[in-house]
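Asks: Residue numbers (UniProt numbering): 1 to 654.
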């Protein structure tokens with residue numbers, strides 16, 4: 001049967017290599033994954049290009065090459081040294097540049113002419129930046145990405161090592177840092193370069209991970225790519241990348257020889273392991289593979305506490321009633337160890353809250369409860385945190401911005417430690433969780449003293465988080481950490497509730513802190529889409545707050561009532577939610593004629609136990625005034641449940 005030659009040529013959608021090999025091309029731009037996997041140039045001819053000559057006359061010299069050529073040591077040498085691959089400033093050492101291939105055929109000549117570009121500008125044929133530009137990227141990493149949240153590379157050593165990285169690791173690094181900087185080399189093509197670097201690196205490292213190759217460079221690249229995917233607004237792909245990295249690291253730990261001391265490994269391996277742990281705690285806390293992993297390496301090395309600016313003067317905001325009398329003999333594990341301890345516990349607390357949201361019930365005041373177990377862990381961490389890293393001995397707000405930037409290797413983990421330390425206490429004692437999600441009709445309710453403790457803790461620690469955020473703004477200390485953003489969002493959900501308290505001082509302070517945190521989250525949302533979704537939810541909550549009755553501001557004897565969707569609070573607390581459940585809930589509740597089955601009503605107060613006051617500051621409430629949501633006479637009865645819970649919410653809680 002003869003082939004028809006008089007028909008119109010088809011529009012080209014595949015790259016030249018896939019078209020010649022007659023395989024389905026994914027048509028990814030700027031280069032498809034098939035070509036990257038084969039270390040071959042990927043070229044797309046114009047869509048209306050007409051080829052003259054038979055397909056079988058084309059040269060077939062473009063054969064797949066071994067992906068792992070010129071990579072770092074074999075899997076058996078997983079002690080992970082990063083200086084085993086020479087780098088000459090271009091992709092030629094990796095077998096990716098078409099200019100190194102002999103153009104002996106018409107097709108090769110055609111590909112070379114299409115990919116030949118100006119070496120001073122970026123293109124898929126010239127992806128490697130100059131060596132001096134790599135040094136600028138290292139500076140950007142130190143100032144904008146180190147310990148925000150990953151301590152993946154030591155900034156002091158990265159300058160001398162980045163040139164020897166395998167190309168897939170270097171490109172993963174460039175894909176992440178390009179989100180925070182630019183250069184004439186890219187000439188406005190930053191987004192295309194990011195996509196090219198990330199796609200090229202992912203096609204290699206995912207394939208190597210699937211083959212069970214636990215090389216340090218592969219794990220490091222997966223960590224970087226997971227952050228790139230979060231920035232690109234692909235949380236599902238990032239979640240899967242984190243899962244690949246954690247499984248591969250668990251596989252590496254399981255293959256260590258029984259007589260080897262895995263806890264005393266090199267610093268690069270330790271940084272990589274704990275970076276994966278941070279990713280799990282930040283983005284998939286309820287699916288944590290490495291939280292209780294055996295043979296986990298020691299914490300990465302810490303930098304010392306910076307010298308005080310004024311040795312003869314203490315911190316300006318130092319409280320004279322605080323004492324260090326019993327803290328002198330506590331072993332200092334370093335700021336990195338303290339920070340990682342709180343980050344891991346933060347992940348455990350968010351996992352606990354997720355279980356409550358899914359229906360897990362307990363009596364949190366009992367010693368056997370998860371709430372109490374997490375509280376004990378917080379106390380243990382607090383007891384093991386050296387007083388050298390407390391704010392009165394590490395006076396962050398008294399430092400000039402130049403000193404903070406000079407010692408960023410210390411202050412970046414310090415800020416993360418301080419915020420997660422306070423946010424963990426606040427989230428664990430969240431009034432919405434304790435007073436709504438854990439209540440069940442016909443069962444025991446929390447003791448009054450327990451409720452008073454949880455509310456006091458939530459209010460105190462959420463205000464501290466807001467204060468720390470304001471400190472960073474006042475000292476021009478740039479924060480780009482999505483984990484800090486998630487912690488701040490969780491605390492904002494607490495402050496949003498307390499702005500309706502009858503205590504005017506508490507209410508006014510909560511509103512002020514909400515403004516501080518919202519401004520911080522809005523700036524952070526420019527690079528992190530999942531933070532932008534939380535900002536949108538917060539703005540919706542604030543819109544509801546502005547529509548609430550303002551009687552409580554004029555009369556302390558009455559209470560303020562607010563109606564909102566519980567899913568909004570849950571999404572501010574849970575970092576893994578994509579916003580789909582809230583969108584569905586919100587669209588349903590706003591549909592004409594729909595019932596408000598997903599809404600709840602809250603009336604807020606801060607007192608459960610009568611305070612010790614010589615005189616009553618407020619007159620007793622009028623007999624017909626509705627009791628406050630937290631008033632004890634109303635808390636334990638059916639009127640409270642009918643008023644607060646919707647039917648659907650009661651069903652979910654039961």
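Just so you know, even glycine gets a beta-carbon here, dropped at the ideal spot from N, CA and C.
Suppose the cutoff is 6 angstroms on Cβ atoms and the five residues either side in sequence are ignored; what does the same chain contact list for residue 171 look like?
Replies: As a first step, residue 171 must be located in the chain shown, where it is residue number 171. Within the same chain, residue 171 has close Cβ partners 197, 200, 201.
Asks: Please report how far the alpha carbon of residue 302 lies from the alpha carbon of residue 14, in whole angstroms.
Replies: Residue numbering aside, residue 302 sits at position 302 when the chain shown is read from its first letter. Residue numbering aside, residue 14 sits at position 14 when the chain shown is read from its first letter. Whole-angstrom Cα-Cα distance: 50 angstroms.
Asks: Is the number of C-beta pairs between the stretch 242 to 253 and the stretch 131 to 146 that are closer than 8 angstroms three or more?
Replies: Flag = no, the stretch 242 to 253 and the stretch 131 to 146 do not touch.
Asks: From residue 182 to residue 385, what distance separates their C-alpha atoms?
Replies: Locating residue 182 in the chain shown gives position 182, where the first residue counts as 1. Locating residue 385 in the chain shown gives position 385, where the first residue counts as 1. Between residue 182 and residue 385, the C-alpha separation is close to 39 angstroms.
Asks: Considering just the uninterrupted stretch of the alpha helix (DSSP H) at residue 297, what are its terminal residues?
Replies: Along the chain shown, one-based indexing puts residue 297 at 297. Taken as a continuous stretch (DSSP letters only), residue 297 belongs to no alpha helix (DSSP H), as it is neither H nor E.
Asks: Would you tell me roughly how many angstroms separate the C-alpha atoms of residue 305 and residue 476, rounded to the nearest one?
Replies: Here residue 305 is taken as the residue at index 305 of the chain shown, counted from 1. Here residue 476 is taken as the residue at index 476 of the chain shown, counted from 1. Taking the straight line joining both Cα atoms gives about 20 angstroms.
Asks: Pull up the CB-CB distance for residue 573 and residue 353, whole angstroms please, since I reckon it's below 8 angstroms.
Replies: On the chain shown, position 573 is the one that residue 573 refers to. On the chain shown, position 353 is the one that residue 353 refers to. Residue 573 to residue 353, Cβ: 6 angstroms. Contact.
Asks: Among all the DSSP beta bridges, which residues are the ones paired with residue 126?
Replies: As a first step, residue 126 must be located in the chain shown, where it is residue number 126. Bridge partners of residue 126: 123.
Asks: Among 217, 473, 240, 436, which has the Cα closest to the Cα of residue 359?
Replies: Residue mapping note: residue 359 aligns to position 359 of the chain shown, counting from 1. The candidate whose alpha carbon is nearest that of residue 359 is 436.
Asks: Helix, strand or coil, according to DSSP, for residue 288 in the structure here?
Replies: As a position in the chain shown, residue 288 is number 288, starting the count at 1. Here residue 288 sits in coil by DSSP.
Asks: Would you check if there are 3 or more beta carbon pairs closer than 8 angstroms linking the stretch 462 to 480 to the stretch 415 to 425?
Replies: In short, these stretches touch, since the Cβ pair count reaches three.
Asks: By alpha-carbon positions, which one of 276, 499, 387 ends up nearest to residue 333?
Replies: Here residue 333 refers to the residue found at position 333 when the chain shown is read from its first residue. Nearest C-alpha to residue 333: 387.
Asks: Considering only residues of the same chain and omitting the five flanking positions on each side of residue 579, which have a CB-CB separation below 7 angstroms?
Replies: As a working mapping, residue 579 is identified with position 579 in the chain shown. Annotation note: pLDDT 42 at residue 579 (below 50); position unreliable, coordinate value reported separately. The answer, listed in chain order, is 533, 571.
Asks: Please report the distance separating the alpha-carbon of residue 350 from that of residue 429.
Replies: In the chain shown, the residue the question calls residue 350 occupies position 350. In the chain shown, the residue the question calls residue 429 occupies position 429. So the two alpha carbons sit approximately 12 angstroms from each other.
Asks: Would DSSP call residue 503 helix, strand or coil?
Replies: Counting from one through the chain shown, the residue named residue 503 turns up at place 503. In this structure, residue 503 counts as coil in the three-state DSSP scheme.
Asks: Suppose the cutoff is 8 angstroms on Cβ atoms and the five residues either side in sequence are ignored; what does the same chain contact list for residue 453 look like?
Replies: To locate residue 453, count along the chain shown from 1; it is residue 453. Around residue 453: 429.
Asks: Taking the CB atoms as reference points, tell me whether residue 531 and residue 485 lie closer together than 8 angstroms.
Replies: Translated into positions along the chain shown, residue 531 becomes position 531. Translated into positions along the chain shown, residue 485 becomes position 485. Contact flag set, yes.
Asks: Helix, strand or coil: which one does DSSP assign to residue 465?
Replies: Looking up residue 465 in the chain shown gives position 465. Helix at residue 465.
Asks: Label residue 367 either buried or exposed according to how many other C-beta atoms from any shown protein chain fall within 10 Å of its C-beta, with 16 as the threshold for buried.
Replies: Working through the chain shown from its first residue, we reach residue 367 at position 367. With fewer than 16 Cβ atoms within 10 Å of its Cβ, residue 367 is classed as exposed.
Asks: How about residue 140 and residue 180: do their beta carbons lie closer than 8 angstroms?
Replies: Locating residue 140 in the chain shown gives position 140, where the first residue counts as 1. Locating residue 180 in the chain shown gives position 180, where the first residue counts as 1. Contact: yes.
Asks: Quick one: which unbroken alpha helix (DSSP H) runs of 4-plus residues sit fully inside the stretch 178 to 224? Chain order, please.
Replies: The qualifying runs are 190 to 210.
Asks: For residue 13, which three-state DSSP category applies?
Replies: As a first step, residue 13 must be located in the chain shown, where it is residue number 13. Coil at residue 13, not helix or strand.
Asks: Report all residues from its chain with a CB closer than 6 angstroms to the CB of residue 432; omit the five preceding and five following residues, and keep chain order.
Replies: The count along the chain shown starts at 1 and reaches residue 432 at position 432. The answer, listed in chain order, is 569.
Asks: Please look up how many angstroms separate the CB atoms of residue 176 and residue 227, rounded, as I've assumed it's under 8 angstroms.
Replies: Here the question's residue 176 lines up with position 176 in the chain shown. Here the question's residue 227 lines up with position 227 in the chain shown. Correct: roughly 6 angstroms between the Cβ atoms.
Asks: Can you tell me whether residue 547 is buried or exposed? The criterion is at least 16 other CB atoms within 10 Å of its CB, across all chains shown.
Replies: Along the chain shown, one-based indexing puts residue 547 at 547. With fewer than 16 Cβ atoms within 10 Å of its Cβ, residue 547 is classed as exposed.
Asks: Tell me which residues share the same chain as residue 271 and place their Cβ nearer than 6 angstroms to its Cβ, disregarding the 5 neighbours each side in the sequence.
Replies: Along the chain shown, read from residue 1 onward, the residue named residue 271 stands at position 271. Closer than 6 angstroms at the Cβ level, and outside the excluded window around residue 271, lie 151, 152, 300.
Asks: Drop a sphere of 10 angstroms on the beta-carbon of residue 447, count the other beta-carbons inside from all chains shown, and report buried for 16 or more, exposed for fewer.
Replies: Walking along the chain shown from the start, residue 447 turns up at place 447. Under this definition residue 447 is an exposed residue.
Asks: Taking only three categories from DSSP, how would you classify residue 24?
Replies: Residue 24 sits at position 24 when you count from the first residue of the chain shown. Of the three classes helix, strand and coil, the one that applies to residue 24 here is coil, per DSSP.
Asks: What would DSSP say about residue 156, mapped onto helix, strand or coil?
Replies: As a working note, residue 156 is residue 156 in the chain shown. Residue 156: helix per DSSP, three-state reduction.
Asks: Just verifying my parser: in three-state terms, what is the DSSP assignment at residue 509?
Replies: Translated into positions along the chain shown, residue 509 becomes position 509. Residue state, collapsed to three classes: helix.
Asks: What do you get for residue 490, buried or exposed, if any count of 16 or more other CB atoms within 10 angstroms of its CB means buried?
Replies: Numbered from 1 along the chain shown, position 490 holds the residue referred to as residue 490. When all chains shown are included, residue 490 counts as buried.
Asks: Measure from the alpha carbon of residue 288 to the alpha carbon of each residue in 373, 347, 307, then state which is nearest.
Replies: Here residue 288 is taken as the residue at index 288 of the chain shown, counted from 1. Selected option, being the one with the closest Cα: 347.
Asks: DSSP three-state call for residue 56: helix, strand or coil?
Replies: The residue given as residue 56 occupies position 56 in the chain shown. Here the model assigns residue 56 a pLDDT of 41, short of 50, so the residue's position is not dependable and the matter cannot be decided.
Asks: For residue 396 versus residue 471, is the C-beta spacing smaller than 8 angstroms?
Replies: Start at 1 with the first residue of the chain shown, and residue 396 comes out as number 396. Start at 1 with the first residue of the chain shown, and residue 471 comes out as number 471. Contact flag set, yes.
Asks: Buried or exposed, going by whether 16 or more other CB atoms sit within 10 Å of the CB of residue 50?
Replies: As a working note, residue 50 is residue 50 in the chain shown. Bear in mind that the predicted position of residue 50 carries a pLDDT of just 47, short of 50, making it unreliable; the figure below should be weighed with that in mind. Exposed, since its Cβ has fewer than 16 Cβ neighbours within 10 Å.
Asks: For residue 417 and residue 376, I'd like the C-alpha separation in whole angstroms.
Replies: Taking the chain shown and counting its residues from 1, one reaches residue 417 at position 417. Taking the chain shown and counting its residues from 1, one reaches residue 376 at position 376. One C-alpha to the other measures close to 18 angstroms.
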